[in-house]
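The structure under discussion appears below in the form of structure tokens.
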Amino acid sequence: MTKQSLSWLLALAIIICLPLSGCYDAKEIDEEVYALVIGVDEGVQNKIRLTFQYATYKEGGGKAQGGGGNGGDEESGEVDGTIVATIEASSLLEGINLINATVNRQISLMHAKMLVFSEEYAREGVAKYVEPLVRFREVREFMRIVVCKGKAEDFIKENRSFIGSNPAKNIELIFEQSKNTGYFPDVFFSDFYQDLLTPYGQPTAIYAGVNDLTQMASDVGTGEPPLRTEEDYEPGSIPRKGGTKKELSGTAVFDGDRMVGTLSQRETRFFLMGIGEFKRGFFTLEDPNIPGYIYVLEIRLAGEPKLKARFANAIPVIDLELSLDINIISIQSRKHYEKLANIPKLETEVKLHFEKGLRETIEKTQTEWNADIFHFGRKIAGNFGTIEELEAYNWNRHYQEAKVNVKVNTHLRRSGFLFEAAPVHSSTTEGEQKE
Amino acid sequence: MIREGHFGFYEAFSLMTIVLITKLFYTSPMVIIKSLGTAAWYGTLISCGITLVFFALLFSLMARFPQQDLYQIFEAVTGKIVGKILILIFAVYLLYKAGITLAEFIAVLNVYSMPYTPQSVLVFAFLLLVVAMAYVGLEGIARVAYVFFYPIIGSLFLLLLLAIPNYDYCYLTPLLGHGLLRTMETGVIRSAAYGEIVFLAVIINSIHGLKNFKKVGFITVISAGVIFSLCLSCILAAFQYTVGGEHLSGMYQLSRIIYFSRFLQRVESIFLFIWVITSLITVSFAFYLALSSYCRAFKIQNHRPLLLPFSTLVFVLALYPDNIAEIIEVHVKVLRAYSSLILMFIPIMVLIMALIRGKKGEKANDQAKP
Chain A
3 MTKQSLSWLL
13 ALAIIICLPL
23 SGCYDAKEID
33 EEVYALVIGV
43 DEGVQNKIRL
53 TFQYATYKEG
63 GGKAQGGGGN
73 GGDEESGEVD
83 GTIVATIEAS
93 SLLEGINLIN
103 ATVNRQISLM
113 HAKMLVFSEE
123 YAREGVAKYV
133 EPLVRFREVR
143 EFMRIVVCKG
153 KAEDFIKENR
163 SFIGSNPAKN
173 IELIFEQSKN
183 TGYFPDVFFS
193 DFYQDLLTPY
203 GQPTAIYAGV
213 NDLTQMASDV
223 GTGEPPLRTE
233 EDYEPGSIPR
243 KGGTKKELSG
253 TAVFDGDRMV
263 GTLSQRETRF
273 FLMGIGEFKR
283 GFFTLEDPNI
293 PGYIYVLEIR
303 LAGEPKLKAR
313 FANAIPVIDL
323 ELSLDINIIS
333 IQSRKHYEKL
343 ANIPKLETEV
353 KLHFEKGLRE
363 TIEKTQTEWN
373 ADIFHFGRKI
383 AGNFGTIEEL
393 EAYNWNRHYQ
403 EAKVNVKVNT
413 HLRRSGFLFE
423 AAPVHSSTTE
433 GEQKE
Chain B
1041 MIREGHFGFY
1051 EAFSLMTIVL
1061 ITKLFYTSPM
1071 VIIKSLGTAA
1081 WYGTLISCGI
1091 TLVFFALLFS
1101 LMARFPQQDL
1111 YQIFEAVTGK
1121 IVGKILILIF
1131 AVYLLYKAGI
1141 TLAEFIAVLN
1151 VYSMPYTPQS
1161 VLVFAFLLLV
1171 VAMAYVGLEG
1181 IARVAYVFFY
1191 PIIGSLFLLL
1201 LLAIPNYDYC
1211 YLTPLLGHGL
1221 LRTMETGVIR
1231 SAAYGEIVFL
1241 AVIINSIHGL
1251 KNFKKVGFIT
1261 VISAGVIFSL
1271 CLSCILAAFQ
1281 YTVGGEHLSG
1291 MYQLSRIIYF
1301 SRFLQRVESI
1311 FLFIWVITSL
1321 ITVSFAFYLA
1331 LSSYCRAFKI
1341 QNHRPLLLPF
1351 STLVFVLALY
1361 PDNIAEIIEV
1371 HVKVLRAYSS
1381 LILMFIPIMV
1391 LIMALIRGKK
1401 GEKANDQAKP
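Note that the protein sequences, when read in sequence, are chains A and B. The first sequence maps to residues 3 to 437 in the numbering used here. The second sequence maps to residues 1041 to 1410 in the numbering used here.
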């Protein structure tokens, strides 16, 4: 290769490098500000009221947090290292543009973690607000969909964490709690949108609310407190004190793009088991042998639920079978339920409990809303030859007619650190027969 | 005649497979899923089957004229003038294919990755590389294809594997999609999507003749069919036929939903890599063949002086469509649904003419004599 052709080649390579470096779309990280949460409420002066929570890149939001302070500033909207700004606009993306006019950096949705709809708005239909986000390149599929009781604006103002200083991480971690408790589903934006369009079932969203921390009764009780193992709590009504005010608890159920009802945190666990999304959770059951005593079990889903669907006399029949692994965490009575001879009885009790819970949850979705949030329709679809036949049948209309058979297999695996726990001895202990 | 160099089975296989599967990364999956619904994954296998039948016919044509490429056969069977017209039709088609493939690539790139970069800048930058590849020639393009074949296929399968948690194969039901008849019809029409295999007959002398031609052709079409079918079934299993039929680039979207934890997500950069490289190889191949066909028609010995005028034409063609709807609804439709009129119909007509006129190549005539 001659010197001349080599220099031409080098010149060409340099010229090629220039346009390929993506100058037009290049953005420095700190040229943008990342919206973490987007809230949608009904507007007063315009169609929608949008609330954005975005990071400030400052430790603690740049405000000194005095003792007893709430870590924020009402006027500037500072909330624990973030700014919460609210604006009214005709559309969601225009709202971002309007906010941009007030911020010295461009707001980007690349790291948006949560889209919050107020319940009132969700009941009117959300498709028109979801659609522009699906088309918009900045929106990530992993953003979560939340429906909150009350205003989305109020919920976002309470979206703070007292642990750690990274607001983005804190928001991501709160959704991880779905895996640890099963009290709410972890609904991604992409799944929600897909479920809006699907003929196989109906969408769900995370149900949330703000707890004013006044739900707990006064410390002075009257007599023996009752044992409530099957308590249902709506978000915002869990009796507690301290911590953040936001609560994710339960499932918002949709029929098409309209919210039609909710599952409690207890029903949500059964729902998650039914769709194979339940990871683990503690369950407190009353000891049938000693009323007033409880045992606590850690339940895990063992594999994917088995689902079969067929038509019998033109009625859709669904067979749902799932297996649960049980770990004993606590036996208040210290009875030896973990012993080989006692395991079948315990397994049967747990099996019946979960079969009943699952059946009731499915029946609720059938009778109250006719909304197949379990997506049994994906198995029913196999009974149809063509898409036209499936769509003409409209599974979402016929879901309420389906007969759903539920079978739960339970397997006790472990019993914690103890095996055959010894009884407590005191001066009043009477001799007990060996089991 | 341009000296196009020689390369072996693996280079030819890599080149043709990449050329065939490139459309998978653009709007093709969306169009097929919209048209066939849940039957898309085997609808493409029907197209693949039709192409295999076509390739068998093409092979019988090539076998009648050993040591001659398709263009020489055109001239031998239809005469010099008609033969040259047929070669020019191929040249124009290839030029159009290069331009529209580039337009589609740039349009999708604009949507997903570089929204603010002007199309002309992207087309210009891309064309610089295409011209560099075409300057080196066919052998160079084939060897580049071979070098990148394993990374491309490896990344593609890695992407499909990483997306496994999102699949639910129940979404492939109802099995018949929009009906068997519609699937068959569309399958037959869209066999044009595999029609580029005909270009193997144009470059037959670079791949060491008939034996390699047959091997490369059949294996490439079958491999591309399997890859297409697998990718379509994964898109359907992840997005269902409803959403799968709306995503501009189903494969890119698949890469966007890969999520294992807070730490393993946003892996679409893997996809960008294979997307750009496959597009580059495909456009370079079409561009080079367009040039080479033109040179053959007018007996031009050196293709390099034509690089600038041809790249200008591709630049204009790539920027010609006004909007993405025009690209999808007009140009891509012409390329992937109706181009079989050129890619398949012409060689088959030439085969029929050769049979009727009893024309054979010299060597074949020699073998036929006692």
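Every residue gets a Cβ at the ideal spot worked out from N, C-alpha and C, and that includes glycine.
When DSSP reads this structure, A/K308 sits in a beta bridge with A/E323.
Listed in chain order, the positions of the segment 189-204 of chain A with a beta carbon within less than 8 Å of a beta carbon of chain B are F190, S192, Y195, Q196, L199, T200, P201 and Y202. Contact of B/L1250 with chain A is not assigned, every C-beta pair being separated by 9 Å or more. Excluding sequence positions up to five before and after A/A170, its CB lies within less than 7 Å of the CB of L38, A57, H113 and K115, all in the same chain and listed in chain order. Comparing alpha carbon positions, the residue from A/D221, A/E349 and A/D197 closest to A/I147 is A/D197. Rounded to the nearest angstrom, the gap between the Cα atoms of B/E1144 and B/L1359 is 10 Å. Nearest CB-CB separation between B/T1282 and chain A: below the 9 Å threshold. In the three-state scheme derived from DSSP, where H, G and I count as helix and E and B as strand, B/S1263 is classed as helix. Membership of A/I40 in the beta strand (DSSP E) is indicated by the continuous run E34 to E44. Residues of the segment 1208-1222 of chain B whose Cβ lies closer than 8 Å to any Cβ of chain A, in chain order: D1208, C1210, Y1211, T1213, P1214, L1215, L1216, G1217, H1218 and G1219.
In the assembly as shown, A/P293 is an exposed residue. Its beta-carbon has fewer than 16 other beta-carbons within 10 Å.
The beta carbon of B/Y1209 sits closer than 7 Å to those of A1277, all from its chain and outside the five residues before and after it, given in chain order. Ranking B/Q1293, B/I1259 and B/F1258 by CA distance to the CA of B/C1274 puts B/Q1293 first. Per DSSP, the unbroken beta strand (DSSP E) holding A/V86 starts and ends at T84 to A91. The straight-line gap separating the alpha-carbon atoms of A/I345 and A/F386 is approximately 43 Å. DSSP places A/F177 inside the alpha helix (DSSP H), whose first and last residues are P169 to T183.
Contact annotation: B/R1230 and B/R1376 have beta-carbon atoms nearer than 9 Å. Here DSSP, grouped into helix, strand and coil, assigns A/N385 to helix. Bounds of any alpha helix (DSSP H) do not take in A/S120; it lies within the beta strand (DSSP E) bounded by M116 to S120. Using a Cβ-Cβ cut-off of 9 Å, B/G1083 does not count as an interface residue toward chain A, since no Cβ of chain A sits closer than that to its own. Setting aside the 5 residues that flank it on each side, B/P1361 is surrounded in the same chain by A1143, I1367 and H1371, each with a C-beta closer than 7 Å to its C-beta; the list follows chain order.
Taking a cut-off of 8 Å on C-beta distances, the segment 154-163 of chain A does not touch the segment 252-271 of chain A, as fewer than three cross pairs fall below it. A distance below 6 Å between beta-carbons, with the five flanking residues on each side excluded, links A/I277 to the following residues of its chain, in chain order: F376.
Counting the other CB atoms within 10 Å of its CB gives A/Q108 a total below 16, which places it among the exposed residues. Residues of chain B whose Cβ lies closer than 8 Å to the Cβ of A/Y36 do not exist; the shortest such Cβ separation is about 14 Å. A residue is called buried once 16 or more other Cβ atoms fall within 10 Å of its Cβ, and B/S1246 is buried on that count. With respect to A/K310, A/K381 sits close: the two C-beta atoms are nearer than 9 Å. Contact of B/P1345 with chain A by beta-carbon distance below 9 Å is absent, the smallest such distance being about 16 Å. Within its own chain, the residues whose Cβ lies closer than 8 Å to the Cβ of A/Q47, once the five positions on either side in sequence are excluded, are E90, listed in chain order. Between the alpha carbons of B/I1317 and B/I1192 lies a gap of roughly 8 Å. Considering only beta carbons, the part of the segment 1138-1172 of chain B lying closer than 8 Å to chain A consists of V1151, Y1152, S1153, M1154, P1155, Y1156, T1157, P1158, V1161, L1162, F1164, A1165, L1168, L1169 and A1172, in chain order. At a Cβ-Cβ threshold of 9 Å, A/V149 and A/F191 do not count as neighbours. For B/Y1136, the nearest beta carbon of chain A is not closer than 9 Å to its own beta carbon. Listed in chain order, the positions of the segment 385-396 of chain A with a beta carbon within less than 9 Å of a beta carbon of chain B are N385, F386, G387, T388, I389, E390, E391 and L392.
Rounded to whole angstroms, the Cβ separation of A/L326 and A/V410 is 6 Å, and the two are in contact under 8 Å. Interface residue (Cβ-Cβ distance to chain A less than 9 Å): B/T1318 is not classified as such.
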